[in-house]
Amino acid sequence: MGSAGAAPVATAAGGGGGDGDLHVVMFPFLAFGHISPFAQLARKMAGVGAGVRVTFLSAAANVPRVEAMLGGTGGTSTVAALELPRVPGLPEGAESTAEVSADGAELLKLAVDGTRPQVEALLARLHPDVVLFDFATPWVVDVARPLGVKAALFSVFAAVSGAYVMAPARRRLPGPGRPTVDDLASAPEGFPPSSPLATVPAYQAADFSYVFESFHGMPCVYDRVAACHNACDALVIKTCAEMEGPYIDYIAAEHGKPVLVTGPIVPEPPRGELEERWATWLSSFPDNSVVFASFGSETFLLHAAATELLLGLEATALPFLAATALPFLAVLNFPKGTDAEAELRKLTPPGLEERVKGRGILHTGWVQQQHILRHRSVGCFVNHSGLSSVVEGLVAGCRLVLLPMKGDQYLNAALFARELRVGTEVARRARDGWFGREDVRDALAAAFAGGEDGGGEEKKWREFLMDDAVQRRFVREFVAELRRLKG
């Protein structure tokens, strides 16, 4: 990491605003789960017509990957490199959450705060119309406003998450300090009465309490987000009224700010070909028969939970489908700094690899998720209910089994499974969230019992997400709202 001077823009970007042009600066937090939706939105905006340009801000080490994500935008998107200042305790060269521990991710927020002078200099030089910023940097508004630049907070989470956890009503509770676990087990005041989330289990409420905890003397996540909400000119959410109308309305009423929606930002089909090793193995099975279990690069199962998952995958002989158990590919990842192969061996039940030989594979490390989901033999996707993963699985035509592990994932699972009727949740013990192998097996049985497309509601939402005209309309309307916001 270098010093905090203003960094050059990777390619030229002029001033914004003339002749109907719209120049947007995007500044996501340094986590690829945040960077990716910002980049996907930039690509979608580039596809709706002339006059939209994006300058994307990220740490210098991330620039090549971000540029690859923005490829195909016809030169309308450029990347500006930020040099992160040194922060004691943050590993040298760490410029995204993928390279650090959970505590390192907190320190990364301090490093991002240290880029403020660079961001201020870039906005003064570029003078964009709007800056879309993330939850960690409420100070962006203070930088943008004197320059006449509108600032909009872009939430990469579902509206239900912001409505349940981040509502101002959470700070209006009687008594001092932060909400208790009991407080967080109930929906905030005024929450949509149609929601199935009037209450959540104790283990989920306890997990939500993280957003009210302060680390290294910094504001907690809730207070950062609240500062963003209070100061910004508009809220932007990666959703649509068709899927989350009541939650969007609730957020607008709670914050008294314009709420702009981008649509669900459906990923484009993957480029290139599936790696031969996976293509050959998957092609050896019948259509729609393979279970693919994957939890992303930054969601980690406890050893006991991973063991139960694997034993549940082993036990999937479904009489109505096949006499033998279902084939599966299970991908499990581990925190930075651990010996992933050694950890995988530790949690693998004795004898399992021999028992599932030929029809089950355990893997750790990155895989081509979208390619695998779209392979003809993959019929079910067991996942952590990350918003992007659920959408990827749905548009790929897979049945969905939802096994959330933290935070917004719990709320996503409820939204999709209980409101939109998409996917099957793995049953959990209310006290502590424990699930066993039988719960995994039973969820898979229920998913496959719904038929090849997972049932009527899944088919309906899949067609909605895959309707290119509808998705382009969302982006066109969002761009029009940004033009109105800039004035």
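In this text, residue positions in the sequence shown follow numbering that gives the first Met the number 0: the first is 0, and each later residue adds one. Positions of the beta carbon are idealized from the N, C-alpha and C atoms, including for glycine. Computed from a prediction, not measured in an experiment: that's the story for all the values here.
Between which residues of its own chain and HIS374 is the CB-CB distance below 6 angstroms, once the five residues before and five after are set aside? LEU281
Beta-carbon within less than 7 angstroms of GLU274's beta-carbon, same chain only, minus the 5 sequence neighbours each way: which residues are those? GLN367
Taking only the alpha-carbon atoms, compute the straight-line gap between GLY1 and VAL210 and give it to the nearest angstrom. The pLDDT assigned to GLY1 is 36, lower than 50, so where the model puts this residue is not dependable; a value taken from the coordinates is nonetheless given after this. Whole-angstrom Cα-Cα distance: 30 angstroms.
Helix, strand or coil for ALA120? Go by DSSP, reduced to three states. helix
Buried versus exposed call for LEU301 [16 or more other C-beta atoms within 10 Å across all chains shown]: So LEU301 ends up on the exposed side.
Go to VAL400, then tell me how far its beta strand (DSSP E) extends in each direction, as first and last residue. DSSP places VAL400 inside the beta strand (DSSP E), whose first and last residues are 398 to 401.
Is the stretch 439 to 446 touching the stretch 193 to 212, taking contact as three or more C-beta pairs under 8 angstroms? no
Endpoints, beta strand (DSSP E) assigned at ILE236: DSSP places ILE236 in the uninterrupted beta strand (DSSP E) bounded by 233 to 236.
Taking all protein chains shown into account, decide if SER193 is buried (16 or more other Cβ within 10 angstroms of its Cβ) or exposed. With fewer than 16 other Cβ atoms inside 10 Å of its own Cβ, SER193 counts as exposed.
Assign GLY17 to buried or exposed, taking buried as 16 or more other Cβ atoms, counted over all protein chains shown, within 10 Å of its Cβ. Below a pLDDT of 50, predicted positions are generally treated as unreliable, and GLY17, at 38, falls in that range; no measurement from the model is reported.
Please classify LYS345 as buried or exposed, where buried requires at least 16 other C-beta atoms within 10 Å of its C-beta. LYS345 should be labelled exposed.
Just verifying my parser: in three-state terms, what is the DSSP assignment at GLU212? coil
For the alpha helix (DSSP H) that LYS108 lies in, which residues bound it at each end? 101 to 112
Terminal residues of the continuous alpha helix (DSSP H) containing VAL389? 386 to 394
How many angstroms separate the CA atom of ILE371 from the CA atom of SER387? Each residue's alpha carbon lies about 15 angstroms from the other.
Round the Cβ separation of VAL290 and CYS379 to the nearest angstrom and send it over; I've been treating them as touching at under 8 angstroms. Correct: roughly 5 angstroms between the Cβ atoms.
So does the stretch 460 to 468 actually touch the stretch 28 to 41, counting three or more Cβ pairs closer than 8 angstroms? no
Can you check whether the CB of PHE415 is closer than 8 angstroms to the CB of VAL425? no
Straight-line Cα distance separating GLY311 from GLU456: Using only the alpha carbons, I get a separation of about 26 angstroms.
Rounded Cβ spacing between LYS43 and SER154 (contact assumed at less than 8 angstroms): Not quite, the Cβ-Cβ distance comes to about 16 angstroms (not below 8 angstroms), so this is no contact.
Is THR315 closer than 8 angstroms to ALA303 when the C-beta atoms are compared? Contact flag unset, no.
Nearest to THR363 (by Cα), restricted to the options VAL377, ALA305, ARG420: ALA305
List the endpoints of the continuous alpha helix (DSSP H) containing THR279. 275 to 281
Roughly how many whole angstroms lie between the Cα atoms of ALA11 and PRO90? With a pLDDT of 30 at ALA11, under the threshold of 50, the modelled position of this residue cannot be trusted, and the question is left open.
Which two residues bound the contiguous beta strand (DSSP E) that contains HIS22? 21 to 26
DSSP three-state call for PHE473: helix, strand or coil? helix
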